[in-house]
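Using my numbering, you'd call the opening residue of the sequence shown number 221 and step up by one each time. Presented below is the structure to which this report refers.
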Amino acid sequence: MKFSLDKFTNLATPFYYYDLSLLEANITELKKAANPEYVVHYALKANANNRILEVIKNNGIGSDCVSGNEVKKAVEVGFKSSEIAFAGVGKSDEEILVALQNDIFCFNSESGEEIKVINELAAKSGKIAQIALRINPNVHANTHKYITTGLEENKFGINLWELDSVMELLKACKNIKLLGIHFHIGSQINDLSNFKNLCTKVNEIQHWFEERNYKLEHINVGGGLGVDYHHPDENPVPDYKSYFEVFEKFLELRKNQKLHFELGRAIVAQCGSLISKVLYVKKGVNTSFVILDAGMTELIRPALYQSYHKIENISKVTSENQRYDVVGPICESSDCFGKAVMLPETIRGDLFAIRTTGAYGEVMASNYNLREKAKAIYSDELEF
Ligand code: LLP
221 MKFSLDKFTN LATPFYYYDL SLLEANITEL KKAANPEYVV HYALKANANN RILEVIKNNG
281 IGSDCVSGNE VKKAVEVGFK SSEIAFAGVG KSDEEILVAL QNDIFCFNSE SGEEIKVINE
341 LAAKSGKIAQ IALRINPNVH ANTHKYITTG LEENKFGINL WELDSVMELL KACKNIKLLG
401 IHFHIGSQIN DLSNFKNLCT KVNEIQHWFE ERNYKLEHIN VGGGLGVDYH HPDENPVPDY
461 KSYFEVFEKF LELRKNQKLH FELGRAIVAQ CGSLISKVLY VKKGVNTSFV ILDAGMTELI
521 RPALYQSYHK IENISKVTSE NQRYDVVGPI CESSDCFGKA VMLPETIRGD LFAIRTTGAY
581 GEVMASNYNL REKAKAIYSD ELEF
C-alpha cells in the first residue's frame, strides 16, 4: 500500500485510510480462486462502511449479517435479499422480523428455542423462513480464544448431541424450511489444516442427515481465513487458492449441493490503515513512549486480543534504530498498539500508519472518553 505524505499532511487525524484499488484486487483474486459454483457472502461485521460495501456488492458477492441493522444496511446498499445469510446467537424478535420482511436467503439458526421463535414470527407474518442449522462441530480453530467459536465450550451453534431433538422439533415447524447446515469455527485462521478438520467433521455430519433421509441443499462453512498482519506489503491478498482447494479436496459435496462461505477479514483487512499523528514523545524508565492521537477507541484489537498490527512512521525514511512503546491517549494502560517497536527517531507531528485495520477496526470503534468518531478517507479521493 502506498502512502502519499503530502496528501495526508493536511488531513485531520486520526483517520481510517482505505485503498479501494487494493480491495478490488483482492476480490479479483478471490473470484479467480473460487470455484464459480461457490457462493461467497461478505461478513458485514468486518467493515460496514458504505464505500467498502459498494465495491463488494458491485462485484456480485452476497452478504452475511449478524444483526437487524446489518440486514437493513445490506439491503440499503443494494445487496440482494436473496443472498443474505443472517447468523447470530441472540437474534431479537425485532431483528427476526426485519429479516422476514426482507425475505432473506437464510437464517443460520443457533438453537431449538430460536427456531421456535422464528417459526412463530414467520407464521404471524405469513412467511416461510428458510433456515440452516448452525452446528457447533467441536473443531479447534487454533486461534485466539476470544475468536474461537466452534468448540463445545463456546456459546455458538447447536451441539451435535442436540441434533436429534432439533430435527424432531423442526417437523412441527410449519413455517420453516430447512435448507442446509452452517458452521463457523473461528477467525484469523492461518493454518489451513483447521479447515481440513472442519471438512472431515462436516462429512460425518452430512452422513448423519442422509441416514435419516434429510436432504441438504447447501453447506455453509462460515469464514475465518486469516491475513498476514506481519507482512502486509508482501502478502496484501490472502492465499485464496490454497484455502478453496482445501474444501475442493476434502469436503464431500452432493450433486447440486451448494457450498457457501462467509468471509470478512480476508477481504477487507489489508485495504485499511489507521493514520495517526504523534502528539508527544515521552521518556519512560526503560523505554520511550510515542503517544499517538489514535487510541483503542479507533482500534481496539491490540487491547482486546493482544493482536499485532504493523506500525510505521511514514514521515521518516531513515532506518529503524530506536525502540518505542507506541500508545494512544486513552486513560487505560491497555491502550497500547505495540511494545518495543523498532522505529526511526520519532518526533511530535510525525505521521504513523497502523496497518491491516480494514477489518474489525472502524466497526469496533467507540466514543469512550467522549472522543469524536474518526473519519474514513478513500484512495480515490486523494488522486495519487
Ligand atoms: N461468519 C460468522 C458466523 C462469524 O461469526 C464471523 C466472524 C464470520 C463469518 C467472519 O469471519 P472472518 O472471515 O472475518 O474471520 N473482532 C474479531 C473478529 C471477530 C469475528 C467474529 N465472527 C477480531 O478483531 O479479530
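Idealized CB from N, CA, C, for every residue including glycine.
These are the residues, in chain order, with a beta carbon less than 5 Å from any non-hydrogen atom of ligand 1: Ala263, Ala266, Ala307, Ile367, His404, Ser407, Gly442, Gly443, Gly444, Glu482, Leu483, Gly484, Arg485, Arg521, Tyr580.
Close CB contacts of Gly442 within its chain, under the 6 Å cut and outside five residues either way in sequence, are with Phe403, His404, Glu482 (chain order).
According to the DSSP assignment, Ala342 belongs to the alpha helix (DSSP H) that extends over 332–345.
The beta carbon of Gly377 sits closer than 7 Å to the beta carbons of Glu330, Arg354, Ile355, Asn356 from its chain, once the five residues preceding and following it are set aside; these are given in chain order. Taking the Cα positions, Gly406 is about 27 Å away from Tyr237.
For Tyr500, same chain residues with a beta-carbon under 7 Å away, outside a window of 5 residues either side, are Ile511, Arg568 in chain order. Val275 is positioned such that its CB atom lies no closer than 8 Å to that of Glu296. With a cutoff of 8 Å on beta-carbon distance, Ile574 and Leu494 are scored as near each other. Distance from the CA of Ala596 to the CA of Tyr588, rounded to the nearest whole angstrom, comes to 19 Å. Secondary structure note for Ile396: its beta strand (DSSP E) is the uninterrupted segment 396–402. The Cβ-Cβ distance between Met562 and Glu540 falls below 8 Å. Collapsing the DSSP output to three states places Gln426 in a helix. A distance of 8 Å or more separates the beta carbons of Lys497 and Thr248.
The beta carbon of Gly332 lies closer than 6 Å to those of Val386, Leu389 in the same chain, with the five residues before and after it left out.
Comparing C-alpha distances from Ala514 to each of Asn506, Ala349, Phe415, Asp555 shows the shortest one belongs to Asp555.
Annotation: Lys416 to Ile304 spans about 26 Å, alpha carbon to alpha carbon. Looking only at Leu250, Thr229, Lys227, Ser224, the smallest Cα-Cα distance to Pro456 is reached by Leu250. Cβ-Cβ separation between Asn339 and Asn395: approximately 5 Å, consistent with a contact (criterion under 8 Å).
Its chain contains no residue whose beta carbon lies nearer than 8 Å to that of His427 once the 5 sequence neighbours on both sides are disregarded. Counting along the chain, no alpha helix (DSSP H) covers Arg543; the unbroken beta strand (DSSP E) around it starts and ends at 542–547.
Look at Glu482 here: in three-state DSSP terms it is strand. Relative to Gly492, the option among Lys469, Ser535, Thr576 whose CA is nearest is Thr576. The alpha-carbon separation between Tyr258 and Phe557 amounts to approximately 37 Å.
Looking only at Val260, Phe509, Lys347, Thr229, the smallest Cα-Cα distance to Phe464 is reached by Val260. A residue is called buried once 16 or more other Cβ atoms fall within 10 Å of its Cβ, and Gly298, having fewer, is exposed. Taking C-beta separations shorter than 6 Å and ignoring five residues to either side along the sequence, the partners of Ala307 in its chain run Val286, Asn328, following chain order. The beta-carbon separation of Phe429 and Leu418, rounded to 16 Å, does not stay under the 8 Å limit for a contact. Runs of the beta strand (DSSP E) lying entirely within the segment 488–565 and spanning at least 3 residues, in chain order: 492–503, 508–512, 531–533, 542–547, 556–563. Nearest C-alpha to Lys478 among His360, Glu468, Ser508: Glu468.
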